[in-house]
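The next block holds one structure in the form of structure tokens; read it before the comments.
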Amino acid sequence: MPDLTLVYVVVFFALAFDYINGFHDTANAIATSVSTRALEPQYAVMLAAILNFAGALYSTGVAKTIGGDLVKAASLVNQPVIISALFGAIVWNLITWWLGIPSSSSHALVGGVLGAVIVGAGFDAINLAGVKKIVLSLVLSPLIAMAGGYIIMIAMMWIFGRQEPGKLNAGFKKMQLLSASMMSFSHGSNDAQKAMGIITLALLSSGQIPSLEVPLWVKLSCAIAMGLGTAAGGWKIIKTMGGRIFKLEPINGFAADLNSALVIFAATNLHLPVSTTHVVSGSIMGVGSAKRISAVRWGVAKQMLFAWILTIPFSAATSALMYKFLALFL
1 MPDLTLVYVV VFFALAFDYI NGFHDTANAI ATSVSTRALE PQYAVMLAAI
51 LNFAGALYST GVAKTIGGDL VKAASLVNQP VIISALFGAI VWNLITWWLG
101 IPSSSSHALV GGVLGAVIVG AGFDAINLAG VKKIVLSLVL SPLIAMAGGY
151 IIMIAMMWIF GRQEPGKLNA GFKKMQLLSA SMMSFSHGSN DAQKAMGIIT
201 LALLSSGQIP SLEVPLWVKL SCAIAMGLGT AAGGWKIIKT MGGRIFKLEP
251 INGFAADLNS ALVIFAATNL HLPVSTTHVV SGSIMGVGSA KRISAVRWGV
301 AKQMLFAWIL TIPFSAATSA LMYKFLALFL
């Protein structure tokens with residue numbers, strides 16, 4: 001199959017990943033506002049879709065990190081490697097979405113790239129320093145979010161603790177429109193760039209572009225795919241994120257969304273990919289712990305942690321097997 005045709009296949013798989021990422025991670029942006037009834041589900045999804053699209057056009061720093069830091073040079077990877085990497089990530093996303101388990105699309109993509117590159121180009125093609133930076137960002141961000149959620153919730157309890165609960169909830173339901181909007185924009189600003197980075201890597205490795213600069217059409221197509229995926233909704237995961245970790249009230253939902261948006265947007269501006277799923281989950285756990293440790297359903301958290309641990313090795317193994325399959329025909 002001609003190399004340019006394979007580039008088209010990469011673009012298709014990357015946009016499919018972005019679309020699936022959109023409905024898989026819709027919960028990140030709207031679960032708290034839906035569970036507290038601050039927003040009707042259909043309006044929340046459309047708000048998230050529009051702001052995901054806008055956020056995706058914000059910058060390309062994360063895309064360059066994904067496209068440039070996982071492998072030592074674009075010339076070391078071919079299109080079957082990239083196709084296999086995306087396939088591994090997509091399979092894991094679909095499995096966890098079907099089971100209603102919030103897992104990380106970012107972890108799945110990193111695992112898919114590592115598995116396919118190691119089998120297709122050899123371990124020496126991996127940029128260990130870049131992988132270390134990305135994995136460190138993915139691991140530390142939910143811990144930072146948990147600590148931040150705890151601190152913000154303690155501060156809000158101190159400030160608003162003497163307010164009448166009914167009036168307080170009514171006020172924060174309105175405020176959740178702002179926090180959900182911030183969360184949706186920040187989600188798009190980080191997550192959509194991962195597919196941009198993969199497409200740009202494919203274009204560079206095939207000689208279609210001279211440097212690791214994201215073309216405008218790539219930005220627009222990834223933003224549209226993310227927005228459409230978000231519009232489709234991911235109701236199974238919304239249910240888990242919105243109520244099974246911790247029973248949220250409007251003030252809790254506002255605190256969790258605000259904290260998540262700040263963490264994700266800071267990472268975007270530092271050109272670091274983070275798992276928005278992990279960040280939001282960490283924020284909810286931190287906010288819940290501020291009320292009392294036992295308020296958090298740690299059994300659900302353990303189930304999610306188990307899925308997170310499995311994500312990179314599973315997607316890596318799937319992408320490696322996919323590469324072996326493609327090698328039989330290409």
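Just so we're aligned: the sequence shown equals residues 1 to 330 in UniProt numbering.
C-beta: ideal position from N, C-alpha, C; glycine also.
CB of residue i within 9 Å of CB of residue j, strictly
i, j, result
"T230", "A48", "yes"
"V11", "A223", "no"
"A261", "V287", "no"
"T276", "G111", "no"
"N21", "N93", "yes"
"A145", "S281", "yes"
"D257", "M156", "no"
"F17", "I90", "yes"
"I284", "L168", "no"
"Q193", "I66", "yes"
"L136", "I126", "no"
"I198", "L109", "yes"
"L270", "G68", "no"
"A307", "I101", "yes"
Distance between residue j and residue i (C-alpha atoms, nearest Å)
i, j, result
"A290", "G253", "13 Å"
"A195", "F265", "18 Å"
"L70", "V117", "9 Å"
"S75", "G61", "21 Å"
"F172", "F160", "11 Å"
"I95", "V279", "21 Å"
"H107", "A121", "20 Å"
"A73", "Y19", "27 Å"
"P316", "K324", "Per the sequence shown, the amino acid found at residue 316 is Ala instead of Pro. About 12 Å."
"Y43", "A29", "12 Å"
"Q176", "Y150", "18 Å"
"G242", "V218", "Here the model assigns G242 a pLDDT of 49, short of 50, so the residue's position is not dependable, and the following value carries that caveat. Near 32 Å, if we compare the C-alpha coordinates of V218 and G242."
"V131", "S141", "15 Å"
"P41", "S179", "16 Å"
"I152", "N259", "7 Å"
"F13", "L39", "33 Å"
"S103", "K174", "29 Å"
"I309", "P273", "18 Å"
"residue 332", "P210", "The requested residue 332 is not part of the displayed model; the chain covers only 1 to 330."
"A225", "F123", "32 Å"
Spatial neighbours of residue i in its chain, beta-carbon cut-off 6 Å, leaving aside the 5 residues before and after
i, result
"L248", "T32, S35, T36"
"V9", "I83"
"L4", "none"
"N78", "none"
"A327", "none"
"Y58", "S189"
"V214", "T60, A63, M196, T200"
Nonlocal neighbours in the same chain, by C-beta distance under 7 Å from residue i, ignoring five residues either side
i, result
"F185", "L51, A54, G55"
"S221", "L15"
"M46", "A231"
"S319", "S84, A85, F87, G88, G112, G115, A116"
"V81", "A116, V117, G120, A121, Y323"
"K133", "D69"
Sequence-distant residues of its chain with Cβ nearer than 8 Å to residue i (five each side left out)
i, result
"M322", "I83, S84, F87, G88, A116"
"A147", "G286"
"W158", "none"
"L128", "none"
Taking only runs that begin and end inside the stretch 49 to 112, name each unbroken alpha helix (DSSP H) of 4 or more residues, in chain order. Counting only runs of 4+ residues, the alpha helix (DSSP H) found wholly inside the stretch 49 to 112 occupies 61 to 69, 79 to 99, in chain order.
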